[in-house]
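Undergrad: First the structure, which I've put down as structure tokens, then a few questions once you've had a look.
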Amino acid sequence: MKISLVQNRPYTANLSANIKDHVEYAQKSVETGAELVVFPELSLTGYEPTLAAGLALEKDDSRLQPLQDFSDKHKITLGVGVPLLSKKGICISLLFFRPGLPVIVHHKQYLHPDEEAYFVSGPNLPGIRLDGLHVGLAICYELSVKEQLVEQLKHEPGIYLSSVAKAPRGLATATTQLAQIARKYNIITGMVNCVGPANGSICMGNTAIWDSGGSLLGLLNQQDTGILILDLENRYCESVYC
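Sequential numbering of the sequence shown, starting at 410, is according to this note's numbering.
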């Protein structure tokens, strides 16, 4: 199996432009043979907490249909970041569009204190399963929460992926944490980050994969958009800038 991590540069608060961009990245991922594509935190709107109230979506919003259509046509699963409306407020969520199946949602359960004024907590999925592979999931700050990792590891994932929106200081912490998790739990780990403006700062990319010993398998740079392809069978990564 191949997994594609997309390092995009979101168009701030422009859903239609971001959906078009996501489909283009998904097409490039299909061309590599990927079966799962994962995007950064809030990839469909940009990471902009102060704008979230005006950007939040329902999971069945008709504007998202191109993503489901692409999934169905190419038999590929897409994990995209959205601010999602819930009964209690707005969640930071990953929507998974699966071929021929309903959309499923992984919410950010553990919020950073700075996010609590704009978002509410929602339930994590236990991960997502594709062709016998169980993928553990985290969203950004959740990497710092041991309880979240422990809960994901209960399901014995073959890989643990974190969808993030990280500026330089947070990026250094996240990369250290993911390498340590890989070594300690003998599991492949990955981080997918964006580049460009976000919430008054600049996200710095460095989308990466670590092998189960904590060694870096693949890394994108800090300024360019692209995709990082993980070939799980051969434990090999390919970087494609686009």
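By construction, the Cβ of each residue, glycine as well, lies at the ideal position given by its N, Cα and C atoms.
Just so we're clear, the structure is a prediction, and the values are computed from it rather than from any experiment.
Here's the rule I'm using: 16 or more other beta-carbon atoms within 10 Å means buried, otherwise exposed. How should Leu651 be labelled?
TA: Locating residue 651 in the sequence shown gives position 242, where the first residue counts as 1. One point to set straight first is that residue 651 is Cys, not Leu, in the sequence displayed. The residue in question, Cys651, is exposed, as its Cβ has fewer than 16 Cβ neighbours within 10 Å.
Undergrad: If you follow the alpha helix (DSSP H) that Thr441 is in, where does it begin and where does it stop?
TA: Along the sequence shown, read from residue 1 onward, the residue named residue 441 stands at position 32. It spans 424-441 - the alpha helix (DSSP H) in which Thr441 sits, taken as one unbroken run.
Undergrad: For a test of the three-state rule: what should DSSP assign to Val559, helix, strand or coil?
TA: Mapped onto the sequence shown, residue 559 falls at position 150. Three-state result, Val559: helix.
Undergrad: Can you tell me the Cα-Cα spacing of Gly509 and Leu580, whole angstroms?
TA: Start at 1 with the first residue of the sequence shown, and residue 509 comes out as number 100. Start at 1 with the first residue of the sequence shown, and residue 580 comes out as number 171. Straight-line Cα distance between these residues: approximately 36 Å.
Undergrad: Using a Cβ-Cβ cutoff of less than 6 Å, which residues in the same chain neighbour Gly545 once the five nearest sequence positions on both sides are dropped?
TA: As a first step, residue 545 is located in the sequence shown; it is residue number 136 there, counting from the start. Excluding sequence neighbours, Gly545 sits near Gly536, Gln561, Pro566, Tyr569.
Undergrad: Beta-carbon within less than 6 Å of Gln477's beta-carbon, same chain only, minus the 5 sequence neighbours each way: which residues are those?
TA: In the sequence shown, residue 477 corresponds to position 68, counting from 1. Taken in chain order, the residues that qualify are Phe506.
Undergrad: Tell me where the alpha helix (DSSP H) around Thr663 begins and ends.
TA: Lying before the first or after the last residue shown, residue 663 is absent from the chain, which here runs from 410 to 651.
Undergrad: Here's the rule I'm using: 16 or more other beta-carbon atoms within 10 Å means buried, otherwise exposed. How should Pro458 be labelled?
TA: On the sequence shown, residue 458 is found 49 positions in, with the first residue counted as 1. Buried.
Undergrad: Name the DSSP beta bridge partners of Thr598, please?
TA: One-based indexing of the sequence shown puts residue 598 at position 189. Answer is Tyr569, Trp619, bridged to Thr598.
Undergrad: From Trp619 to Ala583, what does the alpha carbon distance come to, in whole angstroms?
TA: Locating residue 619 in the sequence shown gives position 210, counting from the first residue. Locating residue 583 in the sequence shown gives position 174, counting from the first residue. Whole-angstrom Cα-Cα distance: 12 Å.
Undergrad: What is the C-beta distance between Leu625 and Lys411, in whole angstroms, given that I count them as a contact (C-beta under 8 Å)?
TA: Locating residue 625 in the sequence shown gives position 216, where the first residue counts as 1. Locating residue 411 in the sequence shown gives position 2, where the first residue counts as 1. About 18 Å; that fails the 8 Å criterion.
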